[in-house]
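Those protein sequence lines, which keep their order, are chains A and B.
Using numbering that gives the first Met the number 0, the first residue of the first sequence is number 0, and each one after it goes up by one.
Using numbering that gives the first Met the number 0, the first residue of the second sequence is number 0, and each one after it goes up by one.
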Amino acid sequence: MRCIYMRFLGLVLLVLSFPALSQEMLIKDAKIYTMGAAGVLENTDIHIRGGKIIKLGKGLSIADDSLVIEAKGRVVSPGLFGGLGTVGLGEISLEASTVDQQLNLQQVRPEFFPGFAYNPASSLVAINRIEGVLYTVLSPSQSGSIIEGQGAVVLLDGKSTPANDRVLFISLGSAAMGDSGGSRAAQFMLLEQAFTEARRGGDANGHLRMLSHAGRAVLKQWGQKPVVFKLDRAADIRQALRFISKHKLNAAIAGAAEGWVVAAQLQAAGVPVLIDPLVNLPSSFDSLGARLENAALLEQAGVKVMFSAGGAHNMRKIRQGAGNAVANGMSYTAALAAITSVPAKFFGYNSGQIKTGEVANLVIWDGDPLEVTAAAYAVVINGKNTAMVSRQTLLRDRYLPRNNTMPRAYIHPGR
Amino acid sequence: MTIHKIPVLLAVLLISGWQSWQAQASEPFPSSYEALPSSKVLITGATILTGTGERLDNTDILMANGQIVALGKQLSAEGAQVVAADGRWVTPGLIDLHSHLGVYPSPGLKGHEDGNEMISPSTPGVWAEHSIWPQDPGFSRALAGGVTSLQILPGSANLFGGRGVTLKNVYANSYQAMKFPQAPQSLKMACGENPKRVYGGNKQAPMTRMGNVSGYRQAWAAAQEYQQSLDDYQASLAKGGEDAKKAKPPKRDLKMETLSAVLRGEIKVNMHCYRADEMLTILDLAAEFGYQITTFHHAVEAYKIADQLAAAGVCGALWADWWGFKAEAYDGIQENIAIVDRPVGSCAIVHSDSAEGIQRLNQEAAKAMFRGNRVGMEIPPERAIRWITSNPAKALGIEDRTGTLEPGKMADVVLWNQNPFSVYAHAEQVYIDGALVFDRSNPAIQPVSDFELGQLLQENN
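Laid out in structure tokens, this is it:
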């Protein structure tokens, strides 16, 4: 046990103790899942400088040997996308004082952006990062409004704040019926009203206004920024596709438990999906068609698939979901793309690929990244190795030793 | 019960004494489970994890008459249907110690919310089995994940939530026909935040953890009194003569029947408890009133007291990685199960508490095994499989009949397409009491609940 630990620790210390590393790094002998046209590169090196990948190739070298990470054939992938969620917006779900993603004004406020509350020091950030999850899209919710507000991509490096580019969230279907007067039909009525009001400036008398001035400005100027519609039922997806087409939105469908039923329509509309590959139960009358082959069938129909299981604390489970998608017929490449390059492109944070010129946000894996008996070996962000330490690993290291005479409070792992 | 049988029952009640009535009352709602038709099956050349801690490579397993007959090399069996495993893996049927299938079924309709009797913090008189909707589609999904037995528990809103029941994972028109024969009953209890939140929020006891403990103690004290009156009554009957004639049994009290059965050691205690300090409080509570905690459920802090749990002979039924949804779940770590498993005499269990998790107990166990190995514990698959087979069988009191692959045990068996400790593993065939009840390659041998029949017809046209 110790030797494995020491190896990890050694790697971390090695890297942290050389400031020059922020400038340069060489990952030797990796199996690189580029997620681009280059496919999988075996026994290949990655040269990083100034936070970016400057070269991929065999037999590369740098002057300072101490800046070399020997991957020894391990898999290197782009940093993973954990899905839509609330990492950094909530520490303990049932403790309202720690939770900021939910707005309860009972108004329609498209301008609501919980990203202002994002806490990069939240324990959830490191807990997910050390498992290879480097990106998420913060997701807002509102009671009293099917327009949930705005989210944004955030890099889970423990420093960054959410990206400036925003994502609009709209919830439809039975989960949102409490916010639309009890009818899912009213959801499209309310959406039309909001978008129309945004375009026309609202009722001159001010009586029937749904939105604030800021809210109207948000919808009016939304343009081609991403819009995520959350819904599951096939019939609702068809309605949403009509709305998306009419308003020429750059949209994705999240949830989409019955997405496979309307895969052809999604493909024709060029609308990607964000699905949880583990959803296979008719948990409501919106998802009677939920099945494990959803991801595979959507892929086969030519729909761009991304994975998202929501949540925050256990967002790291997303790669298990991806593995299950493969076990149920999806291609391995598409499953890995669903948590790297596809969301990177849709949400616009980078290419989600490993290629020259791209930012060096990478994960070195000690096995198959989609396997439950493998995990991240090292996490590189902006060309720097990061400490594989979280509040959970510290608790683990405090309680792993078997013999202790003083209370565990005197064991200070990580100091 | 059909109507014409009622006079017979009444007659029986009138002519027999309270004792025999009590004996009858102790077995109401009996299991009507019958093993499904099976044939003699020989699985050859398998990698077998027996559930006893052993791994047998390239080994055959023979099932007949619903039982496991033999494990060995080159077994031959006249008239047996032969399944060539060719190195594929065989394990005991998986067992989930903590499920709410049927009581919180899919779809999650208001009309189906039957898992928490939230009218009082103390409802030990209710039985989860009376809430089970046997048509829950979740049973079929769990079966596809290799689950052959499962315990259905009431929820955790109450200090005393009610009785749990162990089922065989077969579809039937009644839960009685799913009920694991002669499995001990259990009691669900809860520590911590849930009872506090549900009742304290309404300015009702318990509002605090000290209120929780006070609530348990008051109830156990009452149960002791009830038990005393039962004992006094029995003693009077035993004396005979005038004493026996005058003796009156205590008034039946369903709550007290459950609690006194715990004190007599007849009902196993499943205690929902997250924090280490609370679990130690509960162990003292159990010592005060002389009963045994069988299992702490969820127990995200069990790793902090793994040695004490093993010493007390208490199982820990745990998740691989859930944490943080409430304050008492804040200290979760991914090594919890492996650390709880580490002491001699330990009883680590991977449980689901989830209609999703129950479908992949093998993956949850794999994650826990991997996290242990990553910190140097050297847990092989033959050890980790116990977390989802023999250890939960032990916690249910059915380990003499299932949970391991040994001659004479129920033929509850899963054939996997590969090492089950992988995200890519599928249960290919599932046998319950020797009957093939799930076959991944044959849709005819895949159960479909009444609820799912005919859904999405329009979409499929």
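Yeah, the Cβ is synthetic: ideal placement off N, Cα and C, and Gly gets one too.
Closest Cβ-Cβ distance between residue i and chain B: below 7 Å?
i, result
"Thr372(A)", "yes"
"Pro412(A)", "no"
"Asn313(A)", "yes"
"Ser340(A)", "no"
"Ser350(A)", "no"
"Leu394(A)", "yes"
"Leu66(A)", "no"
"Gln100(A)", "no"
"Pro281(A)", "yes"
"Ala256(A)", "no"
"Gln299(A)", "no"
"Gln105(A)", "no"
"Tyr398(A)", "yes"
"Gln220(A)", "no"
"Gln391(A)", "yes"
"Gln319(A)", "yes"
Quick one: is residue i near chain A, going by C-beta distance under 7 Å?
i, result
"Glu427(B)", "no"
"Tyr329(B)", "yes"
"Glu26(B)", "no"
"Tyr232(B)", "no"
"Leu404(B)", "no"
"Gly154(B)", "no"
"Lys254(B)", "no"
"Glu265(B)", "no"
"Leu422(B)", "The residue you asked about is not Leu; residue 422(B) is Val in the sequence shown. Taking Cβ atoms only, chain A reaches closer than 7 Å to Val422(B), which makes this a yes."
"Gln362(B)", "yes"
"Leu13(B)", "Annotation note: pLDDT 36 at Leu13(B) (below 50); position unreliable, no value reported."
"Glu334(B)", "yes"
"Ala354(B)", "yes"
"Gly371(B)", "no"
For residue i, write down the residues that DSSP places opposite it in a beta bridge.
i, result
"Thr280(B)", "Partner(s): none; Thr280(B) has no beta bridge."
"Ala239(A)", "Partner(s): none; Ala239(A) has no beta bridge."
"Arg165(A)", "Ala151(A)"
"Tyr32(A)", "Val39(A)"
"Gln66(B)", "Ala63(B) and Met409(B)"
"Pro77(A)", "Leu361(A)"
"Lys383(A)", "Ile380(A)"
"Trp88(B)", "Thr46(B) and Trp415(B)"
"Tyr398(A)", "DSSP, once it has assigned bridges, lists no residue as partnering Tyr398(A)."
Measure the beta-carbon distance from residue i to residue j and round it to whole angstroms, keeping in mind my assumption that it falls under 8 Å.
i, j, result
"Pro406(A)", "Leu393(A)", "About 16 Å; that fails the 8 Å criterion."
"Gly161(B)", "Thr122(B)", "6 Å"
"Val89(B)", "Val413(B)", "7 Å"
"Asn465(B)", "Ala364(B)", "As displayed, chain B neither begins before 0 nor continues past 460, which places residue 465(B) out of reach and without an answer."
"Leu55(A)", "Leu25(A)", "With 8 Å as the limit, Leu55(A) and Leu25(A) do not qualify as a contact, their Cβ atoms being about 11 Å apart."
"Pro153(B)", "Leu280(A)", "About 21 Å; that fails the 8 Å criterion."
"Ser144(A)", "Asp178(A)", "6 Å"
When you compare the CB positions of residue i and residue j, do they come within less than 7 Å of one another, or not?
i, j, result
"Val268(B)", "Leu186(B)", "yes"
"Lys386(A)", "Ile47(A)", "According to the sequence displayed, residue 386(A) carries Ala and not Lys. The answer is no: Cβ separation not under 7 Å."
"Ala316(B)", "Gly371(B)", "no"
"Ala321(A)", "Ala334(A)", "yes"
"Pro139(A)", "Pro109(A)", "no"
"Val166(A)", "Val227(A)", "yes"
"Gln134(B)", "Ser448(B)", "yes"
"Leu93(B)", "Val146(B)", "yes"
"Gly150(A)", "Leu137(A)", "yes"
"Val299(B)", "Gly331(B)", "yes"
"Met314(A)", "Gly72(A)", "no"
"Val124(A)", "Leu155(A)", "yes"
From the beta carbon of residue i, is the nearest beta carbon of chain E less than 7 Å away?
i, result
"Ala324(A)", "As a matter of chain content, chain E is missing from the structure shown, whose protein chains are A and B."
Selection of the segment 285–309 of chain B by Cβ proximity to chain A, strictly under 7 Å:
Tyr302 and Lys303
Can you list, in chain order, the residues of the segment 104–117 of chain B whose Cβ is nearer than 7 Å to any Cβ on chain A?
Ser105, Pro106 and Gly107
If the cut-off is 8 Å on Cβ atoms, which residues from the segment 72–93 of chain A count as contacting chain B, listed in chain order?
Glu90, Ile91, Ser92 and Leu93
For the segment 266–292 of chain A, list every residue whose C-beta sits within 7 Å of some C-beta in chain B, in sequence order.
Leu277, Asn279, Leu280, Pro281, Ser282, Ser283, Phe284, Leu287 and Gly288
When Cβ atoms are compared, which residues of the segment 435–456 of chain B fall closer than 8 Å to chain A?
Phe450, Glu451, Gln454 and Leu455
Give, in chain order, every residue of the segment 168–180 of chain B whose Cβ lies closer than 7 Å to some Cβ of chain A.
none
Taking only beta carbons into account, state which residues of the segment 336–349 of chain B come closer than 7 Å to chain A, listed in chain order.
Ile338
Residues within the segment 135–166 of chain B neighbouring chain A, beta-carbon criterion of under 8 Å
Pro136, Gly137 and Arg140
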